[in-house]
Amino acid sequence: MNSLCVLGLGYIGLPTASIFATKGRRVLGVDISPAVVEIINSGRIHIQEPDLDVLVRAAVQSGNLKAATKPLPAEVFILAVPTPFIVTPDGTRTPDLSFVEAATRSIAPVVAADNLIILESTSPVGTTERVKGWLEDELRKLGRPAAGLLYAHCPERILPGQMLKELVSNDRICGGLTAEASTRARDLYATFCAAQIFLTDARTAELAKLTENAFRDVNIAFANELSLVCDKLGVNVWELIRLANRHPRVKILQPGPGVGGHCIAVDPWFIVDAAPQEARLMRMAREVNDSKPRHVVAQVLAAARAGSVVACLGLAFKANVDDLRESPAVEIITHLAEAGLKVIAVEPHIQTLPASLEGRVELASLELALDRADVVVLLVDHRAFASLTLAQLAGKKLIDTRGAIR
Ligand code: SAJ
Numbered sequence: 135m136n137s138l139c140v141l142g143l144g145y146i147g148l149p150t151a152s153i154f155a156t157k158g159r160r161v162l163g164v165d166i167s168p169a170v171v172e173i174i175n176s177g178r179i180h181i182q183e184p185d186l187d188v189l190v191r192a193a194v195q196s197g198n199l200k201a202a203t204k205p206l207p208a209e210v211f212i213l214a215v216p217t218p219f220i221v222t223p224d225g226t227r228t229p230d231l232s233f234v235e236a237a238t239r240s241i242a243p244v245v246a247a248d249n250l251i252i253l254e255s256t257s258p259v260g261t262t263e264r265v266k267g268w269l270e271d272e273l274r275k276l277g278r279p280a281a282g283l284l285y286a287h288c289p290e291r292i293l294p295g296q297m298l299k300e301l302v303s304n305d306r307i308c309g310g311l312t313a314e315a316s317t318r319a320r321d322l323y324a325t326f327c328a329a330q331i332f333l334t335d336a337r338t339a340e341l342a343k344l345t346e347n348a349f350r351d352v353n354i355a356f357a358n359e360l361s362l363v364c365d366k367l368g369v370n371v372w373e374l375i376r377l378a379n380r381h382p383r384v385k386i387l388q389p390g391p392g393v394g395g396h397c398i399a400v401d402p403w404f405i406v407d408a409a410p411q412e413a414r415l416m417r418m419a420r421e422v423n424d425s426k427p428r429h430v431v432a433q434v435l436a437a438a439r440a441g442s443v444v445a446c447l448g449l450a451f452k453a454n455v456d457d458l459r460e461s462p463a464v465e466i467i468t469h470l471a472e473a474g475l476k477v478i479a480v481e482p483h484i485q486t487l488p489a490s491l492e493g494r495v496e497l498a499s500l501e502l503a504l505d506r507a508d509v510v511v512l513l514v515d516h517r518a519f520a521s522l523t524l525a526q527l528a529g530k531k532l533i534d535t536r537g538a539i540r
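For any residue, its number in our numbering is found by taking its place in the sequence shown, counting from 1, and adding 134.
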């Protein structure tokens, strides 16, 4: 199993393609964006993740990683494209598998018997079977044989911010449509995975990945709900959690301004969509976490006066990353600007504001923002804000959504 074709060169596909390449596999990375392809072929990266630049440069310089906009024949195809959801007019969230379907159909002209097709994208239960169906349909249209292809779901589990470490050290799950597909996938990931690789069927692997993120979402929702209870009762939620966590079987997570990113705020909906009557707690957790930004906006509006300058510290969806996707901080800042407040955003991980905030919000350094602010809202506990002290904020109103300022 030497040659691989990785479809989707984003947060999952790029590190995966690169690590295989540095382990001696010939890898073609495929992305529909010619700009992304050009950047990667020049040994650079289009996303921020610690040490990813070094890995990609090494992979490209070794000659083993090349990028292109179209797939070529390979022994293994890895699908690592986005699986967002669509919000229907009645508010229901349904999975959008159009990227997976398009990527699957795109490999039909180049697949051959004995190829292994791996779905890495986080997907609703049954998607690996659908990948097989789409590919067989496309092969039929092209008059090509569909026999002898192997299919598996091998979900990624890496944490943004420490992806390269977790790529190697996290256990993996390989769920094939057949036992042979599972073992072939395991042998492949053993190339770089130093942890245990567990074999199962595709549907269990699909649900396992969704379950992991839903579990975290429910636990964060518990912390977020506690923060609302504490606000109402005049109790310091951070102290409360610190004390409750001294119980040997209690491990409460941290409240925040809401849950962002492309994973935890999305994946539980795939379970709710598939089992709406049963997944009541998971739906409620999503609703609690989704409502938290509105609570923060109300707190800021209560603290501000007409003409107040509000410094919002952090735009990313969590600490020490540049990723603004589904960021509660962006949602909060958008509402504050809409409410007519003068908002200064501080985000050390970006150089320019996202288009949605351009012209409505000012991007400034921490020093400048603190100098001008009447109200300071800490939205992301970036390391860059760790040295902030209450003394520096004297005379200003503080809303610390992460309990980061001591
Ligand atoms: N958050 C809190 N309180 C906490 C922990 C997190 O408010 O105590 C917030 C964060 O600020 C952020 C969101 O939750 O907005 C999600 O952050 P995260 O660090 O919990 O997770 P992600 O989305 O960066 O990565 C998750 C991980 N899943 C689990 O930990 C179960 C990762 O392992 C997955 O690979 C990733 O989703 C994915 O790609 O699915």
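Even for Gly, the Cβ is constructed at its ideal location relative to N, Cα and C. None of the values given here were measured: they were computed from a predicted structure.
Start and end of the alpha helix (DSSP H) containing D401?
On the sequence shown, position 267 is the one that residue 401 refers to. D401 to A408 is the extent of the alpha helix (DSSP H) around D401.
Relative to the C-alpha of Q485, which residue among D456, L512, S461 and I252 is closest?
By one-based count along the sequence shown, residue 485 stands at place 351. Selected option, being the one with the closest Cα: D456.
The ligand SAJ heavy atom lying under 7 Å from the CB of V495
Counted from its first residue, the sequence shown places residue 495 at position 361. It does not: the Cβ of V495 is nowhere closer than 7 Å to a heavy atom of the ligand SAJ.
Short check: CB of D407 to CB of R264, under 8 Å?
Numbered from its first residue, the sequence shown carries residue 407 at position 273. Numbered from its first residue, the sequence shown carries residue 264 at position 130. Not in contact: D407 and R264 (Cβ atoms no closer than 8 Å).
Cβ-heavy atom distance, K452 to the ligand HEM, below 7 Å:
Among the ligands present in this structure, namely the ligand SAJ, the ligand HEM is not found.
Does the beta-carbon distance from A246 to P205 come in below 8 Å?
Walking along the sequence shown from the start, residue 246 turns up at place 112. Walking along the sequence shown from the start, residue 205 turns up at place 71. The answer is no: Cβ separation not under 8 Å.
Would DSSP call A201 helix, strand or coil?
For the purposes of this step, residue 201 is taken as the residue at position 67 of the sequence shown. Note: A201 maps to strand in three-state DSSP.
Backbone CA spacing between S176 and M297 [nearest angstrom]:
The count along the sequence shown starts at 1 and reaches residue 176 at position 42. The count along the sequence shown starts at 1 and reaches residue 297 at position 163. S176 and M297: Cα-Cα distance of roughly 22 Å.
Give me the residue from L148, H396, I466 and G267 with the minimum Cα distance to D185.
Residue numbering aside, residue 185 sits at position 51 when the sequence shown is read from its first letter. For D185, the nearest C-alpha among the options comes from L148.
L322 and V244 closer than 8 Å at C-beta:
For the purposes of this step, residue 322 is identified with residue 188 of the sequence shown, where counting begins at 1. For the purposes of this step, residue 244 is identified with residue 110 of the sequence shown, where counting begins at 1. For L322 and V244, no; Cβs fall outside 8 Å.
Check whether the Cβ of C397 sits closer than 7 Å to any heavy atom of the ligand SAJ, and report yes or no.
Here residue 397 refers to the residue found at position 263 when the sequence shown is read from its first residue. C397 Cβ: within cutoff of the ligand SAJ.
Below 8 Å between beta carbons: does that hold for V464 and L470?
Counting from one through the sequence shown, the residue named residue 464 turns up at place 330. Counting from one through the sequence shown, the residue named residue 470 turns up at place 336. The answer is no: Cβ separation not under 8 Å.
Have a look at G394, A436 and M418 and flag the residue whose alpha-carbon is nearest the alpha-carbon of L513.
Residue mapping note: residue 513 aligns to position 379 of the sequence shown, counting from 1. Residue G394 is the option with its Cα nearest to L513.
Per DSSP, what kind of secondary structure is I174 in: helix, strand or coil?
In the sequence shown, the residue the question calls residue 174 occupies position 40. It is helical.
Residue of K476, D534 and L487 minimising C-alpha distance to A507
For the purposes of this step, residue 507 is taken as residue 373 along the sequence shown, with counting starting at 1. Closest option to A507, Cα to Cα, is K476.
Counting along the chain, where does the beta strand (DSSP E) carrying P294 start and finish?
By 1-based counting over the sequence shown, the position of residue 294 is 160. No beta strand (DSSP E) holds P294; DSSP gives it neither H nor E.
Please determine whether the Cβ atom of R376 lies at a distance below 7 Å from any heavy atom of the ligand SAJ.
As a first step, residue 376 is located in the sequence shown; it is residue number 242 there, counting from the start. The answer is no for R376.
For a test of your reading of the model: does the CB of T256 fall under 7 Å from any non-hydrogen atom of the ligand SAJ? Yes or no.
Counting from 1 along the sequence shown, the entry for residue 256 is found at position 122. Checking every heavy atom of the ligand SAJ against the Cβ of T256, one is found closer than 7 Å.
Selected residue, minimal CA-CA separation from A520, among A313, K530, G537 and I533:
Taking the sequence shown and counting its residues from 1, one reaches residue 520 at position 386. That would be G537, whose Cα lies nearest to the Cα of A520.
What do you get for R376, buried or exposed, if any count of 16 or more other CB atoms within 10 angstroms of its CB means buried?
One-based indexing of the sequence shown puts residue 376 at position 242. So R376 counts as exposed.
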